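Asker:
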Amino acid sequence: MCGIIGYAGEREAAPILLGGLRRLEYRGYDSAGLVVARDGKLCITKAAGYISNLSEAVHGGADLPGTVGLGHTRWATHGKPNETNAHPHISDGGKIAVVHNGTIENYTRLRDFLVSKGYEFFTQTDTEVAVNLIAYFYAESGDVLHAVASAARRMEGQYALGIICEDAPDTIIATKRDAPLFIAVGERENFIVSDVTAVLEHTRTIIRLRDYEIAVLTKDGVTLVTSELDEFTRETETVGWDVSSAEKGGFEHFMIKEITEQPDCVRAALSPRLRDGGIYLDGLGISDEYLRSVERIYITACGTASYVGLVAKYVVEKLARVPTEVVYASEFRYSDPIITDRTLVITLSQSGTTADTIAALREAKRRGAKVLSIVNVVGSVIAEESDWTLYTYAGPEICVASTKAYSTQLALSYVVALKLAQVRGTIEPERFSELLRVLATLPDAIAATLPLREQIQYLASRYASRDNMFFIGRNVDYALAVEGSHKLKEVSYIHSEAFAAGELKHGTIALIEDGTPVVTVAAYSPLLDKTLSNAAEVKSRGARVLAVTTESLREKVESNRDAVDDCIAIPDFEELFLPSLAIIPLQMFAYYCALERGTEIDKPRNLAKSVTVE
Ligand code: F6R
69 MCGIIGYAGE
79 REAAPILLGG
89 LRRLEYRGYD
99 SAGLVVARDG
109 KLCITKAAGY
119 ISNLSEAVHG
129 GADLPGTVGL
139 GHTRWATHGK
149 PNETNAHPHI
159 SDGGKIAVVH
169 NGTIENYTRL
179 RDFLVSKGYE
189 FFTQTDTEVA
199 VNLIAYFYAE
209 SGDVLHAVAS
219 AARRMEGQYA
229 LGIICEDAPD
239 TIIATKRDAP
249 LFIAVGEREN
259 FIVSDVTAVL
269 EHTRTIIRLR
279 DYEIAVLTKD
289 GVTLVTSELD
299 EFTRETETVG
309 WDVSSAEKGG
319 FEHFMIKEIT
329 EQPDCVRAAL
339 SPRLRDGGIY
349 LDGLGISDEY
359 LRSVERIYIT
369 ACGTASYVGL
379 VAKYVVEKLA
389 RVPTEVVYAS
399 EFRYSDPIIT
409 DRTLVITLSQ
419 SGTTADTIAA
429 LREAKRRGAK
439 VLSIVNVVGS
449 VIAEESDWTL
459 YTYAGPEICV
469 ASTKAYSTQL
479 ALSYVVALKL
489 AQVRGTIEPE
499 RFSELLRVLA
509 TLPDAIAATL
519 PLREQIQYLA
529 SRYASRDNMF
539 FIGRNVDYAL
549 AVEGSHKLKE
559 VSYIHSEAFA
569 AGELKHGTIA
579 LIEDGTPVVT
589 VAAYSPLLDK
599 TLSNAAEVKS
609 RGARVLAVTT
619 ESLREKVESN
629 RDAVDDCIAI
639 PDFEELFLPS
649 LAIIPLQMFA
659 YYCALERGTE
669 IDKPRNLAKS
679 VTVE
């Protein structure tokens with residue numbers, strides 16, 4: 069995810085900004101840049117790639133003298149990762165520079181407006197729209213604070229902004245909405261930071277900026293104003309973390325940090341797609357006529373991404389009634405897939421660089437299919453080579469084991485399924501609207517599962533010592549069981565396998581011994597009784613059964629002592645989207661089992677984050 073640091077003080081800004089950016093490197097980025105105010109001018113240097121490239125370009129900061137400036141690490145969301153699209157962005161005319169984290173959802177509309185007012189654009193970013201919008205209001209009012217407030221009122225989406233104006237070169241202005249931004253207070257120096265890690269070596273005194281508030285910083289002080297420009301004060305706080313835990317936002321591992329980030333990530337993935345009671349596939353160019361013509365869908369991906377596909381298959385088939393097959397990308401091109409120009413191939417990938425998924429995509433296109441991809445890394449090979457790409461905007465996933473990529477890919481799979489159903493007329497308009505309304509509340513519903521953490525940690529401590537575990541479920545619960553099992557083995561090194569619940573007795577039941585844990589996903593209510601009877605089959609042979617179910621099914625599940633020993637209940641939600649909630653306890657269970665066993669959770673042995681070989 070992008071990183072921001074701003075400095076207004078008495079020391080040279082550039083070396084401090086470079087140091088702060090290095091502290092933010094762990095978050096992942098593809099380019100970086102600095103702006104420093106000097107002699108009434110804004111001097112900008114940007115570089116693609118590592119901070120070291122930027123540092124070399126400015127000779128460690130020596131080439132950018134000045135005591136007020138902004139720094140940024142960019143992780144591409146709009147436009148390719150290159151020097152042009154790197155921040156800071158400068159307004160047409162050069163008066164104002166901005167660094168920005170987040171995405172401005174109405175940027176196309178705002179850009180059209182600014183173009184109509186004569187503004188020129190030189191990058192592919194939404195940030196250039198923000199800086200020109202501020203410049204537009206500045207030209208009108210001659211007051212940069214007013215201009216920032218006016219621009220902020222018109223921007224939709226998420227943003228944390230650091231702003232510097234040529235005419236007020238000793239001042240930084242900052243504002244935010246749904247993206248973190250802190251003010252850090254030092255001795256005759258003040259900072260803005262998107263992540264406190266960047267300033268801990270200078271100060272531990274911070275002020276939390278809340279949505280729509282604006283901060284005005286000089287070396288001498290910080291003024292806080294509301295969006296209506298009314299001044300107010302706020303107590304400072306002292307940060308107690310050390311740098312390494314600050315990187316993880318106070319969490320012990322990136323995995324649990326990323327698990328808890330999922331509500332925000334899913335919101336970031338969905339909100340650009342759900343607009344005005346409809347589905348908005350902005351700029352994709354995928355025609356309704358094409359979607360109507362699709363006769364068959366292949367979903368192809370690797371590992372966790374392919375297990376998203378298993379859930380997506382149920383949802384697409386249920387809503388859109390298109391036959392859908394999920395094939396591992398490593399098998400796809402060797403399986404002689406039956407492809408016509410009416411075949412849609414969907415690839416899912418966090419990194420966008422997984423060799424097998426790239427090969428599957430190319431094979432699909434070679435055979436005449438259209439490819440729609442759901443990808444996290446902007447500008448990656450898969451994103452670039454697909455006919456259409458939906459970005460998940462989950463931010464960099466640092467833990468090797470995928471969690472937030474899973475949730476965001478799944479959320480966008482619902483969007484694709486609903487769009488297909490709508491254009492193909494396989495869903496009643498009322499049901500479509502209802503599902504869209506519910507889908508918009510999915511981030512909050514996921515957030516409501518997070519308090520299960522304590523219970524899951526306790527349960528994990530009781531199961532983690534076993535060397536073998538099984539996961540079972542039926543229908544979408546089976547798809548979830550597969551991912552739950554995958555997550556467990558990769559981070560805890562406990563051997564684990566997942567089965568369709570009805571399959572156990574056809575062989576695997578021979579492995580059940582006294583105390584063998586069997587995690588039973590039992591959230592899908594139409595098949596609850598059948599799943600419970602499969603759980604009873606293993607329990608009667610000695611298994612210890614941990615069930616994952618919903619609040620409304622809890623009583624029935626818990627009271628069935630012949631089938632269940634322990635029970636985790638997620639909040640009730642629309643059945644179709646329930647997998648997005650049910651996956652959270654499974655991810656947490658894997659995490660806490662791993663914690664119990666003391667494994668290398670964020671970087672499990674033998675695994676790589678991006679698998680670029682076949
Ligand atoms: C598991 C995991 C892997 C990836 C797989 C695909 O937690 O992270 O199974 O899901 O290697 O990677 P991407 O999504 O980058 O194509």
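Residue numbers (the numbering used here): 69 to 682. In this text, a Cβ means the ideal position worked out from N, Cα and C, and glycines have one as well. None of these values were measured; they are calculated from a predicted model.
Along the beta strand (DSSP E) that carries P585, what are the first and last residues, could you check?
Answerer: Its beta strand (DSSP E) spans residues 585-589.
Asker: For the segment 194-269, which segments carrying the beta strand (DSSP E) assignment without a break, of at least 3 residues, lie completely within its bounds, in sequence order?
Answerer: DSSP runs (the beta strand (DSSP E)) wholly in the segment 194-269: 225-233, 240-245, 250-253, 258-261.
Asker: Return helix, strand or coil for Y97, following the three-state DSSP convention.
Answerer: Y97: coil per DSSP, three-state reduction.
Asker: Classify E498: buried if its beta carbon has 16 or more other beta carbons within 10 angstroms, exposed otherwise.
Answerer: Result: exposed.
Asker: When you measure from the CB of A473 to every non-hydrogen atom of ligand 1, does any distance come out below 7 Å?
Answerer: For ligand 1, at least one heavy atom lies less than 7 Å from the Cβ of A473.
Asker: Tell whether a beta-carbon distance below 8 Å holds between T392 and I354.
Answerer: Their beta carbons are not under 8 Å apart, which means T392 does not touch I354 by this criterion.
Asker: Excluding five sequence neighbours on each side, which residues of the same chain lie with their C-beta closer than 6 Å to the C-beta of E224?
Answerer: Only E173, N174 meet the Cβ criterion.
Asker: From the DSSP secondary-structure annotation, give me the bridge partner or partners of H155.
Answerer: Bridge partners of H155: none, in fact.
Asker: What three-state label does DSSP hand S417 in the structure shown?
Answerer: It is a strand residue.
Asker: Using DSSP bridges, identify the partner residues of K438.
Answerer: L412.
Asker: Of the choices V468, M537, A489, whose alpha-carbon is the least far from that of V679?
Answerer: It is V468 whose Cα lies nearest to the Cα of V679.
Asker: To the nearest angstrom, report how far apart T171 and S608 are at their CA atoms.
Answerer: Their backbone Cα atoms lie some 53 Å apart in a straight line.
Asker: Report the partner residues of T368 according to the DSSP bridge assignment.
Answerer: DSSP output for T368 lists V395, T415 as bridge partner(s).
Asker: DSSP beta-bridge partners for T460?
Answerer: None, per the DSSP bridge assignment.
Asker: Compute the Euclidean distance between the alpha carbons of S601 and D634, then round it to the nearest angstrom.
Answerer: So the alpha carbons of these two residues sit roughly 16 Å apart.
Asker: Taking 7 Å as the cut-off, is the beta-carbon of G162 closer than that to any non-hydrogen atom of ligand 1?
Answerer: No, the beta carbon of G162 sits no closer than 7 Å to any heavy atom of ligand 1.
Asker: In terms of residue numbering, what span does the alpha helix (DSSP H) encompassing E357 cover?
Answerer: Taken as a continuous stretch (DSSP letters only), the alpha helix (DSSP H) holding E357 covers 356-361.
Asker: For V681, count neighbouring Cβ atoms within 10 angstroms of its own Cβ and tell me buried if that reaches 16, exposed if not.
Answerer: Exposed, because fewer than 16 other Cβ atoms sit within 10 Å of the Cβ of V681.
Asker: Measuring CB to CB, does A631 end up less than 8 Å from A604?
Answerer: Cβ atoms of A631 and A604: closer than 8 Å.
Asker: For the alpha helix (DSSP H) that A84 lies in, which residues bound it at each end?
Answerer: The question names Ala, but residue 84 in the sequence shown is Ile. It spans 81-91 - the alpha helix (DSSP H) in which I84 sits, taken as one unbroken run.
Asker: Applying the 10 Å Cβ sphere with the 16-neighbour rule, what's the burial state of G230?
Answerer: Buried, because 16 or more other Cβ atoms sit within 10 Å of the Cβ of G230.
Asker: Could you tell me how far apart the beta carbons of K739 and Y206 are, in whole angstroms, since I believe they sit closer than 8 Å?
Answerer: Only positions 69 to 682 of the chain appear in the structure, and residue 739 is not among them; the question remains open.
Asker: Helix, strand or coil: which one does DSSP assign to F300?
Answerer: Here F300 sits in strand by DSSP.
Asker: Answer with buried or exposed for P519, where buried requires no fewer than 16 other C-beta atoms within 10 angstroms of its C-beta.
Answerer: The residue in question, P519, is exposed, as its Cβ has fewer than 16 Cβ neighbours within 10 Å.
Asker: Select from K287, E431, A658, L412 the residue whose C-alpha is nearest the C-alpha of S403.
Answerer: With distances taken between Cα atoms, S403 lies closest to E431.
Asker: Mark F300 as exposed unless 16 or more other C-beta atoms lie within 10 angstroms of its C-beta, in which case mark it buried.
Answerer: The residue is exposed, with fewer than 16 neighbouring Cβ atoms inside 10 Å.
Asker: Please look up how many angstroms separate the CB atoms of I72 and S262, rounded, as I've assumed it's under 8 Å.
Answerer: I72 to S262, Cβ: 4 Å. Contact.
Asker: So the candidates are T141, L297, A590, S470; which of them puts its Cα closest to the Cα of C333?
Answerer: Residue S470 is the option with its Cα nearest to C333.
Asker: Can you tell me which residues form a DSSP beta bridge with K114?
Answerer: Beta-bridge pairing links K114 to G101.
Asker: For L285, does the three-state DSSP call read helix, strand or coil?
Answerer: Reduced to three states, the DSSP call for L285 is strand.
Asker: For H140, does the three-state DSSP call read helix, strand or coil?
Answerer: If DSSP states are grouped into helix, strand and coil, H140 belongs with the strands.
Asker: Any contact of the segment 481-490 with the segment 658-667, i.e. 3+ C-beta pairs under 8 Å?
Answerer: No, they do not touch.
Asker: Cβ of V439 versus every heavy atom of ligand 1: is any distance shorter than 7 Å?
Answerer: Checking every heavy atom of ligand 1 against the Cβ of V439, none is found closer than 7 Å.
Asker: Return the first residue and the last residue of the alpha helix (DSSP H) that N121 is part of.
Answerer: Segment 119-125, the alpha helix (DSSP H) holding N121.
Asker: Assess, as a yes-or-no matter, whether the segment 545-558 is touched by the segment 507-516 under the definition of 3 or more beta carbon pairs within less than 8 Å.
Answerer: Flag = no, the segment 507-516 and the segment 545-558 do not touch.
Asker: Given a cut-off of 8 Å on the beta-carbon distance, is the pair A658 and V616 in contact?
Answerer: No.
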